[in-house]
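>
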Amino acid sequence: MGMNNRKVALLQIVAQLTTAAGEVDLVAVKAQYKAHLDVNPHLLDTEALAQRDVRDLDHSRRPRATAVQGTLFDPEAWLPIGEAQRVVMARATQQQCMTALQYRTQSHLEEVTDYNRDLQYWNARIGAFQPHHQDLEDVERQVFGWSG
2 MGMNNRKVAL
12 LQIVAQLTTA
22 AGEVDLVAVK
32 AQYKAHLDVN
42 PHLLDTEALA
52 QRDVRDLDHS
62 RRPRATAVQG
72 TLFDPEAWLP
82 IGEAQRVVMA
92 RATQQQCMTA
102 LQYRTQSHLE
112 EVTDYNRDLQ
122 YWNARIGAFQ
132 PHHQDLEDVE
142 RQVFGWSG
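Positions 2 to 149 (our numbering) are the ones given, in order, by the sequence shown.
1) Can you give me the C-alpha to C-alpha distance between residue 37 and residue 125, rounded to a whole angstrom?
2) In the DSSP assignment, find the unbroken beta strand (DSSP E) run with residue 79 in it and report its ends.
3) Once DSSP output is grouped into helix, strand and coil, what is the label at residue 54?
4) When the Cα of residue 22 is compared with those of 28, 106 and 82, which residue comes out closest?
5) DSSP state of residue 65, grouped into three classes?
6) Reducing DSSP to helix, strand and coil, say where residue 75 ends up.
7) Is residue 30 buried or exposed, if buried means 16 or more other CB atoms sit within 10 Å of its CB?
8) Can you grab the Cα-Cα spacing for the pair residue 138 / residue 128, in whole Å?
9) Cutting at 8 Å between CB atoms, please list the residues of its own chain near residue 76, excluding the five before and the five after it.
10) Whole angstroms is fine: what's the gap from residue 96's alpha carbon to residue 146's?
11) With the cut-off set at 8 Å, would you say residue 28 and residue 85 are in Cβ contact?
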């Protein structure tokens, strides 16, 4: 089963499981999609394949700013409203929009934390370079005690 056939099947399952209010339960989508994949004897590790395909679809459905319109609004995009719960952006209520903003804020805080950790690492390593260090591995071993 090629990627295009899998994508069509996944999109059909999403369409079937999307409620009239535009809500999508990714756990249910993954379970039904995995059951669909399990029918094909040539596919191995359908659990991992289903997980990856649903994750990739979820990421591709996130709203993105457009330069043309200057908006995030995409009526087909998905907003997070729970751990594995999404709502189609066009159908989102005010409460769901507020929940989506909370998820985005948490994600941003995690990104900033990761960036700050990386920034501290690079500043420390760049500052530790001395003329006798040929490369970063020298700095790691001689200054920071790396022994990997």
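Think of the CB as a built atom: it goes at the ideal place given N, C-alpha and C, for glycine as much as any other residue.
From the atom records:
1) Using only the alpha carbons, I get a separation of about 51 Å.
2) 79–83
3) helix
4) 82
5) coil
6) Three-state DSSP puts residue 75 in coil, outside helix and strand.
7) buried
8) 14 Å
9) 89, 90 and 91
10) 51 Å
11) yes
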